[in-house]
Amino acid sequence: MQTDRIEVIHEYALPPWTPRIQVMLEGDKAKAVKAANDAKGIVIATSGSQRDGMVGIGGVVCNVNHDGPGVVLASYSVSLGTADEQNPYTAELAAIAMALMCAPAGLPCREVTVVASNRSALEVIRRPRRQSGQCTIRQIYDHANRLVRRGCSVNLVWLPAKHEGFAWG
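Printed below as a string of C-alpha cells:
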C-alpha cells in the first residue's frame, strides 16, 4: 500500500466560521427538476460515474438567459482513475471543483449554478465535516470564493439522476 497517497482527514474541512455555499437539496423530485430548469446565468451540469472499473467526470457549461434556450459554452470529460482509487462520490466532488475552477476569468457578475446528481456530495459541500474528500471540498470553496469576490453568486442544485423533465436531458 502506498501510504503517501492516503488522505489525511482533519477535524474539520473548513473553519466553522467560513460562509457556506448555498446548496439546494429539494426533497421533492419534481421541485428539484423545476429548480434546475429555472437556473439562469452560467449553469454547469456535472456528473461523476463509474464504468468498467474506471471512474470519470464530465460537465456541460451553458449561458442561460431568461428569454431563450441556453448556449453551450463548453463541455468536458476526463477519467480520474480506477474504481480502486476513486468512487462516484469523490468523482462528483472533483467534477464540481473542476467546473468552478474553469469558470472564465472574464465572467461578468452573474449567477453561477452547478447542477449535480450526487446528493451525498452536495450535502458534504453544504455542511463539511470530518470525512473523505476534504481537500476537494476546500478547493470547491476556494474556487467559489474567487467567483464571489468578482461579484458572482454561486449556488449548487441537486437534480435526481436521469430524471425526466430536465431541459438538458
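Residue 84 in the numbering used here sits at position 67 of the sequence shown, and the numbers go up by one each step. The C-beta atom is built at its ideal place from N, Cα and C for all residues, glycine as well.
Of the choices Gly-44, Cys-119, Pro-36 and Pro-32, whose alpha-carbon is the least far from that of Thr-63?
-> Cys-119
Do Ile-38 and Val-132 come within 8 Å of each other at the CB atom, strictly closer than that value?
-> no
Can you name the residues that DSSP bridges to Gly-58?
-> Val-81
If you run the structure through DSSP and keep just helix, strand and coil, what is Ala-30?
-> coil
Do Ala-49 and Leu-176 come within 8 Å of each other at the CB atom, strictly closer than that value?
-> yes
Helix, strand or coil at Arg-166 [DSSP, three-state] = helix
CA-to-CA distance, Pro-32 to Gly-75, given in whole angstroms = 29 Å
Distance, Cα to Cα, Cys-169 vs Pro-121?
-> 12 Å
Would you report the Cα separation of Pro-105 and Arg-68, rounded to the nearest angstrom?
-> 10 Å
Exposed or buried, Gln-148, counting other C-beta atoms within 10 Å across all chains shown (16 or more means buried)?
-> exposed
Contact belief for Val-95 with Gly-73 at Cβ below 8 Å, rounded distance in angstroms = 6 Å
Apart from the five residues on each side of it in sequence, which residues of its chain come closer than 6 Å, Cβ to Cβ, to Lys-51?
-> none
According to the Cβ coordinates, are Cys-79 and Gly-87 closer than 8 Å?
-> yes
What do you reckon, are the CB atoms on Gln-151 and Ala-114 nearer than 8 Å?
-> no
Nearest CA to the CA of Arg-166: which residue from Ala-91, Val-129 and Ile-142?
-> Val-129
Can Leu-139 and Leu-42 be called in contact, C-beta distance under 8 Å?
-> yes
Ordered along the chain, which non-local residues of its own chain (more than five positions away) have a Cβ less than 8 Å from that of Thr-107?
-> Gly-65, Val-72, Leu-97, Ser-149, Gly-150 and Thr-153
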